[in-house]
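Notes follow once the structure below has been shown.
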Amino acid sequence: MDYAICLGMFLPLLGFIFLSLGGKYLSRQQISQVACGTLFVSFLCFLGLLMQHVFLGKESTSLILFQWIHVAGVEANAKLTLDALSLMMCLIVTGVSFLIHVYSIGYMDHEDDYYRYFACLNFFVFAMLLLVLAGDALLLFAGWEAVGLASYLLIGFWYSHPPAAAAATKAFVVNRIGDFGFLLALLLTFYLFGTSDLTAIFDNASAQYPIGSMWMTALTALFFVGAIGKSAQIPLHVWLPDAMEGPTPVSALIHAATMVTAGVYLVVRMNPLFTLAPETLQVIGAIGGTTSLFAAFCAVGQTDLKKVLAYSTVSQLGLMFLACGVGAFYAAMFHLMTHAFMKALLFLSAGNVIHMIGGKTEMNDMGGLGKVFTKTNIFFLIGVLAMSGIPPLAAFFSKDLIVEQEYQTGHYVLFYVAMLASLLTGFYLTRAYCLTFLGKLKVDSSTPKTFHEAPNVMLIPVGILAFFSVIGGFIGAKPLLMSFLEKVGVTLAVEPHEPTFLFSFETWMSIGIALLGVGASFLVYTQYKGLLPEKPFKVLKQAFYIDQIYDFLIVKPYQQLSIFVANFIEPTVFGGTIRGVAKTTNYAAGTLQLLQSGQIRSYAAWLAAGALFMILFFALQM
Amino acid sequence: MNIFIIASMLMFAIGITGVLIKRNAIIFFLSLEMMLNSANLLFVGFAHRWGNEIGHIWVFFVLVVAAAEAAVGLAIIINMFKTKQVVDVDQYNTLKG
Numbered sequence: 088m089d090y091a092i093c094l095g096m097f098l099p100l101l102g103f104i105f106l107s108l109g110g111k112y113l114s115r116q117q118i119s120q121v122a123c124g125t126l127f128v129s130f131l132c133f134l135g136l137l138m139q140h141v142f143l144g145k146e147s148t149s150l151i152l153f154q155w156i157h158v159a160g161v162e163a164n165a166k167l168t169l170d171a172l173s174l175m176m177c178l179i180v181t182g183v184s185f186l187i188h189v190y191s192i193g194y195m196d197h198e199d200d201y202y203r204y205f206a207c208l209n210f211f212v213f214a215m216l217l218l219v220l221a222g223d224a225l226l227l228f229a230g231w232e233a234v235g236l237a238s239y240l241l242i243g244f245w246y247s248h249p250p251a252a253a254a255a256t257k258a259f260v261v262n263r264i265g266d267f268g269f270l271l272a273l274l275l276t277f278y279l280f281g282t283s284d285l286t287a288i289f290d291n292a293s294a295q296y297p298i299g300s301m302w303m304t305a306l307t308a309l310f311f312v313g314a315i316g317k318s319a320q321i322p323l324h325v326w327l328p329d330a331m332e333g334p335t336p337v338s339a340l341i342h343a344a345t346m347v348t349a350g351v352y353l354v355v356r357m358n359p360l361f362t363l364a365p366e367t368l369q370v371i372g373a374i375g376g377t378t379s380l381f382a383a384f385c386a387v388g389q390t391d392l393k394k395v396l397a398y399s400t401v402s403q404l405g406l407m408f409l410a411c412g413v414g415a416f417y418a419a420m421f422h423l424m425t426h427a428f429m430k431a432l433l434f435l436s437a438g439n440v441i442h443m444i445g446g447k448t449e450m451n452d453m454g455g456l457g458k459v460f461t462k463t464n465i466f467f468l469i470g471v472l473a474m475s476g477i478p479p480l481a482a483f484f485s486k487d488l489i490v491e492q493e494y495q496t497g498h499y500v501l502f503y504v505a506m507l508a509s510l511l512t513g514f515y516l517t518r519a520y521c522l523t524f525l526g527k528l529k530v531d532s533s534t535p536k537t538f539h540e541a542p543n544v545m546l547i548p549v550g551i552l553a554f555f556s557v558i559g560g561f562i563g564a565k566p567l568l569m570s571f572l573e574k575v576g577v578t579l580a581v582e583p584h585e586p587t588f589l590f591s592f593e594t595w596m597s598i599g600i601a602l603l604g605v606g607a608s609f610l611v612y613t614q615y616k617g618l619l620p621e622k623p624f625k626v627l628k629q630a631f632y633i634d635q636i637y638d639f640l641i642v643k644p645y646q647q648l649s650i651f652v653a654n655f656i657e658p659t660v661f662g663g664t665i666r667g668v669a670k671t672t673n674y675a676a677g678t679l680q681l682l683q684s685g686q687i688r689s690y691a692a693w694l695a696a697g698a699l700f701m702i703l704f705f706a707l708q709m
Numbered sequence: 022m023n024i025f026i027i028a029s030m031l032m033f034a035i036g037i038t039g040v041l042i043k044r045n046a047i048i049f050f051l052s053l054e055m056m057l058n059s060a061n062l063l064f065v066g067f068a069h070r071w072g073n074e075i076g077h078i079w080v081f082f083v084l085v086v087a088a089a090e091a092a093v094g095l096a097i098i099i100n101m102f103k104t105k106q107v108v109d110v111d112q113y114n115t116l117k118g
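Line by line, the protein sequences give chains Y and W. FYI, in this note's numbering the residues of the first sequence are 88 to 709. FYI, in this note's numbering the residues of the second sequence are 22 to 118.
Pasting the structure below:
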């Protein structure tokens with residue numbers, strides 16, 4: 088079955104190579120066939136592997152593609168590991184990617200550089216699969232960097248549009264900060280274990296280091312720095328809202344469903360290490376909690392539809408880290424899965440609207456679109472309700488599990504943080520829904536080209552995602568996903584409640600909170616407009632001025648430093664040294680050239696003086 | 022014996038002084054020949070002192086070379102005169118840095 092893994096993983100790479108080299112000569116239809124076809128086959132491969140795991144009870148497959156680095160003290164192989172965890176991620180990645188590829192056919196239909204878009208998208212899927220399947224930390228890092236590259240290329244897809252180019256650079260640079268932590272973690276791994284093979288690391292770590300040992304805390308903290316960057320947690324969250332400059336399907340795929348969850352995946356994948364470092368877990372919980380609350384508040388203030396969803400993503404990722412922080416790794420993975428469906432659904436249905444009204448994302452210019460986009464309206468509403476945690480939709484189960492775990496492990500602060508974040512989730516998503524789809528029709532129907540419901544090629548993927556957002560919660564129930572992931576040690580902190588109709592206190596509370604958030608928002612934005620004061624929303628819209636603070640504290644001083652270096656250090660120190668050498672040589676030559684006067688008698692005098700000097704020298708020596 | 026050495030040193034000193042202070046190319050050349058012959062004198066003197074004929078033979082060699090060199094030198098002086106109508110060596114200082 089190694090073939091299926093390789094086929095599934097390398098087909099998107101082949102698609103990327105084929106499209107980037109030959110895309111120019113293909114028609115649009117052929118390009119989309121190649122891009123979607125490779126992904127569909129890839130998805131089928133992983134589906135087949137899933138069948139094998141489920142029905143044949145296969146545990147995990149390791150496959151060494153080639154020996155990579157073998158020198159003293161450093162051992163790294165290009166090793167792929169397919170176990171329940173990576174298989175689940177592969178299915179999410181290829182499945183959601185396939186739907187978004189199909190959707191992109193409709194979304195990108197009028198764009199130039201059609202093949203560049205699909206080539207990058209295929210490359211992204213390959214990189215993500217590499218990240219997920221890697222059984223070696225160094226190979227994982229390679230995938231980690233490759234998804235960063237794909238993200239950069241796709242955020243900056245409209246590179247001639249300056250904000251998009253700036254957002255791409257920002258995403259890349261901010262991610263570099265996190266990657267630096269990851270790189271240090273890799274160095275520490277080699278220092279401690281001499282290998283980057285994940286299985287070997289986990290075995291050695293639990294054998295050699297006690298719980299709470301300093302080395303493990305340092306190692307996991309460094310890995311978590313990488314996760315902070317990739318998953319846009321505080322303080323490195325600033326790139327994700329800006330990344331919305333990219334095409335909407337890209338935002339859905341990379342910046343909501345898959346790539347940004349890589350940080351969560353990393354923590355879950357490394358859970359044997361993280362459980363050895365309780366301090367790091369506490370930090371993870373704290374950062375996750377802060378981020379989820381912070382981003383939820385920011386989302387309330389946004390007026391850009393895509394930015395609401397972006398901050399919502401940051402907030403949900405925070406919840407996943409919150410779950411990791413108390414050791415409920417399974418809850419994080421479960422929420423990751425349902426979030427992938429729901430957020431892709433929200434982004435794509437938002438994309439339908441954005442595409443059809445001509446690329447505008449400002450919600451103040453929308454309103455009343457539900458009358459035109461009847462189907463999209465329903466899909467978006469499903470997404471909103473699912474995400475808000477209304478039973479029995481997906482997030483009710485996954486978010487409830489997180490909340491329950493917080494409560495049962497006694498992390499009451501985190502419990503209330505998660506509750507408040509859930510409340511705000513319902514509030515801001517319903518707000519976005521009301522502002523976009525309800526109320527008076529604000530879009531001037533003469534400006535956009537064709538003002539009607541999106542074509543089927545865009546609606547069907549959205550419909551499939553909506554279906555999974557509805558039933559996604561049931562997949563995570565005890566006998567299915569949970570026992571599947573338990574085999575690889577992805578478990579909960581404490582045993583969950585048996586499902587009964589008499590819900591526990593936390594469950595009632597989370598249902599109440601969800602209904603409260605949705606209901607309050609619905610009333611405020613339909614019946615009682617102008618009830619809320621304007622001023623706090625301005626602060627929230629600017630995301631508490633974090634960007635401006637960073638600008639003031641880091642970017643501006645750095646620019647000043649650069650200008651200082653350019654204007655002062657560069658001309659004086661470097662230029663001065665070079666010019667000094669030149670001037671010295673010139674001066675010496677100018678002085679010495681006077682000796683060469685052309686006067687024969689002066690030459691003779693020098694000759695005589697030299698001879699005299701030598702005679703005296705030897706005479707005195709004797 | 023000392024008389025040879027003293028005479029030779031005197032000749033050499035007079036020759037080098039002439040080279041350094043005279044501007045006329047002919048005198049300059051003459052002084053040069055004088056320095057050459059001071060060495061010859063020393064050769065002859067030492068050969069006489071030590072009864073060794075090799076010194077004498079060397080003198081003949083030097084004289085032959087000096088004769089050839091005098092021919093070349095005079096030819097150069099004639100050409101100098103042809104170009105500038107003067108034989109003042111200080112006038113020929115165009116080869117400077």
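Beta carbons: idealized from backbone N, C-alpha and C, even for Gly. Note that the coordinates shown come from a computational prediction; the quantities given were computed from them, not determined experimentally.
8 Å Cβ shell around residue i - same chain, five flanking residues per side excluded
i: residue 212 of chain Y; result: 99, 126, 129, 180, 181 and 184
i: residue 281 of chain Y; result: 160, 161 and 162
i: residue 476 of chain Y; result: 482, 483, 486, 487, 509, 512, 513, 597, 598, 600 and 601
i: residue 22 of chain W; result: 66 and 70
i: residue 35 of chain W; result: 52 and 55
i: residue 393 of chain Y; result: 331, 335, 338, 434, 437, 441 and 448
Sequence-distant residues of its chain with Cβ nearer than 7 Å to residue i (five each side left out)
i: residue 529 of chain Y; result: 452, 453, 454 and 455
i: residue 292 of chain Y; result: 303, 359, 360 and 363
i: residue 609 of chain Y; result: 517 and 521
i: residue 111 of chain W; result: 44
i: residue 607 of chain Y; result: 514
i: residue 80 of chain W; result: 61, 64 and 65
i: residue 321 of chain Y; result: 374, 377, 378 and 381
i: residue 252 of chain Y; result: 243 and 246
Test item: CB-CB of residue i and residue j under 9 Å
i: residue 441 of chain Y; j: residue 517 of chain Y; result: no
i: residue 234 of chain Y; j: residue 214 of chain Y; result: yes
i: residue 421 of chain Y; j: residue 552 of chain Y; result: no
i: residue 226 of chain Y; j: residue 164 of chain Y; result: yes
i: residue 103 of chain W; j: residue 113 of chain W; result: no
i: residue 206 of chain Y; j: residue 95 of chain Y; result: no
i: residue 314 of chain Y; j: residue 354 of chain Y; result: yes
i: residue 196 of chain Y; j: residue 232 of chain Y; result: no
i: residue 613 of chain Y; j: residue 526 of chain Y; result: yes
i: residue 325 of chain Y; j: residue 268 of chain Y; result: no
i: residue 187 of chain Y; j: residue 340 of chain Y; result: yes
i: residue 306 of chain Y; j: residue 202 of chain Y; result: no
i: residue 333 of chain Y; j: residue 323 of chain Y; result: no
Within chain Y, partners of residue i - CB distance below 7 Å
i: residue 37 of chain W; result: 695
Chain-ordered chain Y contacts of residue i [CB-CB under 8 Å]
i: residue 41 of chain W; result: 688, 691, 692 and 695
Proximal residues of chain Y, C-beta to C-beta of residue i below 9 Å
i: residue 111 of chain W; result: 686, 687 and 688
Same chain only: Cβ atoms within 6 Å of residue i, ignoring 5 sequence neighbours per side
i: residue 397 of chain Y; result: 327, 328 and 331
i: residue 433 of chain Y; result: 396 and 470
i: residue 549 of chain Y; result: 435, 436 and 466
i: residue 53 of chain Y; result: The structure shown does not extend to residue 53 of chain Y, since chain Y spans only 88 to 709, so no value can be given for it.
Min CB distance residue i to chain C below 9 Å
i: residue 49 of chain W; result: No chain C appears in the structure shown, which is made up of the protein chains Y and W.
Residue i CB to nearest heavy atom of the ligand GDP below 8 Å
i: residue 299 of chain Y; result: With respect to small molecules bound, the structure shown includes none, and the ligand GDP cannot be examined in it.
Problem - the stretch 451–464 of chain Y contacting the stretch 500–508 of chain Y, beta-carbon criterion three pairs below 8 Å - result: Judged by Cβ distances under 8 Å, the stretch 451–464 of chain Y makes no contact with the stretch 500–508 of chain Y, as fewer than three pairs qualify.
Problem - Runs of alpha helix (DSSP H) wholly within the stretch 578–626 of chain Y (minimum 4 residues, chain order) - result: Listed in chain order, the complete alpha helix (DSSP H) runs (minimum 4 residues) inside the stretch 578–626 of chain Y are 592–609.
Handout entry: Within the stretch 447–482 of chain Y, ranges of the beta strand (DSSP E) (whole runs, at least 3 residues)
Key = Runs found: none.
Handout entry: Validate contact between the stretch 209–223 of chain Y and the stretch 283–291 of chain Y using beta carbons, cut 8 Å, 3 pairs
Key = Output reads yes: the stretch 283–291 of chain Y touches the stretch 209–223 of chain Y.
Problem - Ordered list of beta strand (DSSP E) runs contained in the stretch 135–161 of chain Y, each at least 3 residues - result: The stretch 135–161 of chain Y contains, as complete beta strand (DSSP E) runs of 3+ residues, the segments 148–158 (chain order).
Practice task
For the stretch 372–386 of chain Y and the stretch 403–413 of chain Y, state whether three or more C-beta atom pairs, one from each stretch, are separated by less than 8 Å.
Solution key: Judged by Cβ distances under 8 Å, the stretch 372–386 of chain Y makes contact with the stretch 403–413 of chain Y, as three or more pairs qualify.
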